[in-house]
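Chains A and B, in that order, are what the protein sequence lines are.
According to this note's numbering, the residues represented by the first sequence are 6 to 131, in order.
According to this note's numbering, the residues represented by the second sequence are 36 to 411, in order.
Ideal Cβ positions, reconstructed from N, Cα and C, are used throughout, including at glycine.
Since we're looking at a predicted model, the values are computed, not measured.
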Amino acid sequence: MAEYFVGKVDEFPPGTSRLVPEAGKFGVGVFNIGGEYYAIANYCPHQGAPLCVGHITGTTAAGAHNDVLWQRDGEILRCPWHSWEFDIKTGKTVFEPTERIRTYAVRVRGDDIILDTARSALEQAA
Amino acid sequence: MLETVERTSPDAQEKAVTLVDTDVHPVIHSRQDIIDYLPEPWRSLDYGPRAGGGSVIARIYDPPDTALTKGMRTDSFPPRGGAPGSDPEFAYKQLIEDDGVDLAILMSLQARLRANAEQEAAVIAATNSWLADVWLGEHNKHGRFYGSIRICPDDAALAVEEIERWAGDPRWLQIYMTPETTPAFGNPKYHPIYAAAEKHELPLAIHIIRPMGQRLLTPVGYPAYFHEHSAGIPLYYASHLASMVFEGVFEKYPGLRIVLVEGGFTWLLPLMWRMDAYWRECKSEVPALKRAPSEYVRNHVRFTTQPLEESDLSAFRKLCEWTDAENMLMFSTDYPHFSYDDPKWALNRFPKPIRNKIAAENAIEFYGLPTTVSAA
Numbered sequence: 006m007a008e009y010f011v012g013k014v015d016e017f018p019p020g021t022s023r024l025v026p027e028a029g030k031f032g033v034g035v036f037n038i039g040g041e042y043y044a045i046a047n048y049c050p051h052q053g054a055p056l057c058v059g060h061i062t063g064t065t066a067a068g069a070h071n072d073v074l075w076q077r078d079g080e081i082l083r084c085p086w087h088s089w090e091f092d093i094k095t096g097k098t099v100f101e102p103t104e105r106i107r108t109y110a111v112r113v114r115g116d117d118i119i120l121d122t123a124r125s126a127l128e129q130a131a
Numbered sequence: 036m037l038e039t040v041e042r043t044s045p046d047a048q049e050k051a052v053t054l055v056d057t058d059v060h061p062v063i064h065s066r067q068d069i070i071d072y073l074p075e076p077w078r079s080l081d082y083g084p085r086a087g088g089g090s091v092i093a094r095i096y097d098p099p100d101t102a103l104t105k106g107m108r109t110d111s112f113p114p115r116g117g118a119p120g121s122d123p124e125f126a127y128k129q130l131i132e133d134d135g136v137d138l139a140i141l142m143s144l145q146a147r148l149r150a151n152a153e154q155e156a157a158v159i160a161a162t163n164s165w166l167a168d169v170w171l172g173e174h175n176k177h178g179r180f181y182g183s184i185r186i187c188p189d190d191a192a193l194a195v196e197e198i199e200r201w202a203g204d205p206r207w208l209q210i211y212m213t214p215e216t217t218p219a220f221g222n223p224k225y226h227p228i229y230a231a232a233e234k235h236e237l238p239l240a241i242h243i244i245r246p247m248g249q250r251l252l253t254p255v256g257y258p259a260y261f262h263e264h265s266a267g268i269p270l271y272y273a274s275h276l277a278s279m280v281f282e283g284v285f286e287k288y289p290g291l292r293i294v295l296v297e298g299g300f301t302w303l304l305p306l307m308w309r310m311d312a313y314w315r316e317c318k319s320e321v322p323a324l325k326r327a328p329s330e331y332v333r334n335h336v337r338f339t340t341q342p343l344e345e346s347d348l349s350a351f352r353k354l355c356e357w358t359d360a361e362n363m364l365m366f367s368t369d370y371p372h373f374s375y376d377d378p379k380w381a382l383n384r385f386p387k388p389i390r391n392k393i394a395a396e397n398a399i400e401f402y403g404l405p406t407t408v409s410a411a
């Protein structure tokens, strides 16, 4: 079984997320960022924490004169255990992206949001 | 009426202790929990109408997104409310049931450091009383929790008083103090503490607390960043350890046993090399020492695992072999803090033949813990 019903479009507004516990080995988190849907495995590659219960947040960038800039608010997921930051759109870590989580395809069929665990987000984009 | 003591068959109900967690952090649920244990004048100072409620928060404790996480595992906030580590039943669920920890050694950081040692000792004593009644009392019918008698190292007389207040009570496994102070722990001002620990055959653990102000030390002053401070934590431990070795503490108190908690261990081998080299080159400076410094360390000091270094695995395993991690280390999680180590992840980093020793056997031997627990 590769397809999972996530919810209705009008019940899943931007800035919210859902966990599909029966999908994949550890469950899959689905996120609505600005009207686009993204799905990642509920498993942190660091120590195996349930990643998708972490906070959705942003991250910092260095500005001129030691300024610290806040950016990408709503696109970064922090692991509940050690606060590792992940880019929800790509599954890659925000620090040197040597670690990544599995991403999955999400599509809209009529009013239904469907998670497809047979394909990655990258395959969907291609 | 005579009470009936129910006895169950130990064979059917017991399971072997295979995982001991040597570093767990309980806190109070609300300030009401602690007020009654704190005598005047300290009670009014912390909890009087114009006081700050015992909160000493002007310190560097700013791990990522502190406003959201409070520096905790974010899945450790108890469903019934309160701070992580404030609900003994929920801690039991996460640690004992979910993580498979058989026995947990509690080290409460509830009492924060104070500028005044007498006040700090009073707040620490109140916390010990609360821990005894709550976590080691009404919420310890399962017998999985053991306590650490916290003391204030800056006033040895009060520290010894606190040790004497609890010594002999089997719920307490060890004494514990925080290292953010001067002078280093080899100094004679601390020796009455070591004498008391030796007398009661209680190990003495050392655990960081990240205090406020000038006591947030590094060997070169005040750190600018949380990460900078955290990466440098081993420097506290290395400095105190070298001081204890060269001031002859282990020669003077041959029964003293030390546990360095949450300070890492990968720095130990080069420190022992250097200490041994200087001892050989100029032993006449420290005539009290009868053995090589590394021998005192191996005979008297143990280390807990968390936070485990996350280096390349083969390099890590080589270092474990060279350091004799098999005999020096005891597993710990640091639950519920954000620097928590998951037991499965942490133990798998060690070579398979030494995992059981680090997971439980070393702690059982060091602390004299039971080898089985009730399986219920």
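Is residue i near residue j, with beta carbons less than 7 Å apart?
i	j	result
leucine 54/B	valine 136/B	yes
glutamine 154/B	tryptophan 201/B	no
valine 52/B	valine 408/B	yes
isoleucine 228/B	alanine 191/B	yes
proline 246/B	leucine 270/B	no
tyrosine 72/B	tryptophan 165/B	yes
aspartate 204/B	methionine 142/B	no
aspartate 181/B	isoleucine 140/B	The sequence shown places tyrosine at residue 181/B, rather than the aspartate named in the question. Yes, they are a contact pair.
Can you grab the Cα-Cα spacing for the pair residue i / residue j, in whole Å?
i	j	result
valine 158/B	aspartate 376/B	29 Å
isoleucine 119/A	alanine 54/A	25 Å
glutamate 8/A	tyrosine 109/A	11 Å
glutamine 145/B	threonine 358/B	33 Å
serine 183/B	tyrosine 313/B	35 Å
arginine 42/B	alanine 156/B	Its pLDDT being 47, under 50, arginine 42/B is placed unreliably by the model, and the measurement read from it follows with that caveat. So the two alpha carbons sit approximately 41 Å from each other.
glycine 29/A	aspartate 110/B	21 Å
threonine 301/B	cysteine 355/B	8 Å
glutamate 80/A	alanine 130/A	18 Å
tyrosine 423/B	alanine 44/A	Missing from the structure shown is residue 423/B; chain B here goes from 36 to 411 and no further.
phenylalanine 220/B	glutamate 132/B	38 Å
leucine 404/B	alanine 277/B	29 Å
arginine 115/B	isoleucine 241/B	32 Å
glutamate 400/B	lysine 105/B	35 Å
serine 346/B	phenylalanine 261/B	21 Å
valine 11/A	isoleucine 38/A	15 Å
methionine 307/B	glutamate 75/B	46 Å
glutamate 361/B	leucine 303/B	14 Å
threonine 98/A	tryptophan 89/A	7 Å
valine 40/B	asparagine 222/B	Here valine 40/B scores only 49 on pLDDT, less than 50, and its place in the model should not be relied on; the value that follows carries that caveat. Answer to the nearest angstrom: the Cα atoms are 51 Å apart.
arginine 85/B	alanine 160/B	23 Å
What does residue i pair with, by DSSP beta-bridge criteria?
i	result
serine 183/B	Gln209/B
arginine 147/B	Arginine 147/B is not bridged to any residue.
leucine 239/B	Ile210/B and Ile293/B
aspartate 56/B	Ala139/B
isoleucine 45/A	Gly34/A and Thr108/A
tryptophan 75/A	Thr65/A
histidine 372/B	Met107/B
isoleucine 119/A	Phe10/A and Arg112/A
serine 22/A	Phe36/A
arginine 337/B	Val294/B
serine 409/B	Glu49/B
glycine 299/B	Paired residue(s): none; glycine 299/B is not in a bridge.
leucine 364/B	Phe338/B
List, in chain order, every chain B residue whose beta-carbon is nearer than 9 Å to that of residue i.
i	result
proline 55/A	Asp110
valine 58/A	Thr109 and Asp110
glutamine 52/A	Tyr375, Asp376, Asp377, Lys379, Trp380 and Ala381
I want to verify the contact list: residues of chain B whose CB lies under 7 Å from the CB of residue i, in sequence order.
i	result
glutamine 129/A	Per Cβ cutoff of 7 Å: no residues; glutamine 129/A is ~29 Å from chain B at best.
For residue i, return the contacting residues in chain A, with the cut-off set at a CB-CB distance below 7 Å.
i	result
aspartate 470/B	This structure gives no information on residue 470/B, because the portion of chain B shown stretches from 36 to 411.
threonine 368/B	Per Cβ cutoff of 7 Å: no residues; threonine 368/B is ~11 Å from chain A at best.
threonine 358/B	Residues of chain A passing the Cβ test: none, with the nearest at roughly 22 Å.
leucine 295/B	The contacting residues do not exist; leucine 295/B stays about 22 Å from chain A at best.
Cβ closer than 9 Å: which chain A residues qualify as neighbours of residue i?
i	result
threonine 53/B	Chain A residues near threonine 53/B: none, gap ~19 Å exceeds 9 Å.
threonine 216/B	The premise fails here: threonine 216/B is roughly 29 Å from chain A at the closest Cβ pair, so nothing lies under 9 Å.
threonine 213/B	Neighbours of threonine 213/B on chain A: none; closest Cβ ~23 Å, over 9 Å.
Less than 7 Å between CB atoms is the rule here; does residue i satisfy it with respect to chain D?
i	result
leucine 252/B	The chain inventory of the structure shown lacks chain D, comprising the protein chains A and B.
At a CB-CB cut-off below 8 Å, which residues of chain A make contact with residue i?
i	result
threonine 406/B	Per Cβ cutoff of 8 Å: no residues; threonine 406/B is ~28 Å from chain A at best.
Where the segment 85-105 of chain A meets chain B: residues whose CB sits under 8 Å from a CB there: Pro85, Trp86, His87, Ser88 and Glu90
Residues within the segment 375-392 of chain B neighbouring chain A, beta-carbon criterion of under 9 Å: Tyr375, Asp376, Asp377, Lys379, Trp380 and Ala381
Selection of the segment 116-129 of chain B by Cβ proximity to chain A, strictly under 9 Å: none
Members of the segment 328-344 of chain B that neighbour chain A once the beta carbon cut-off is set at 8 Å: none
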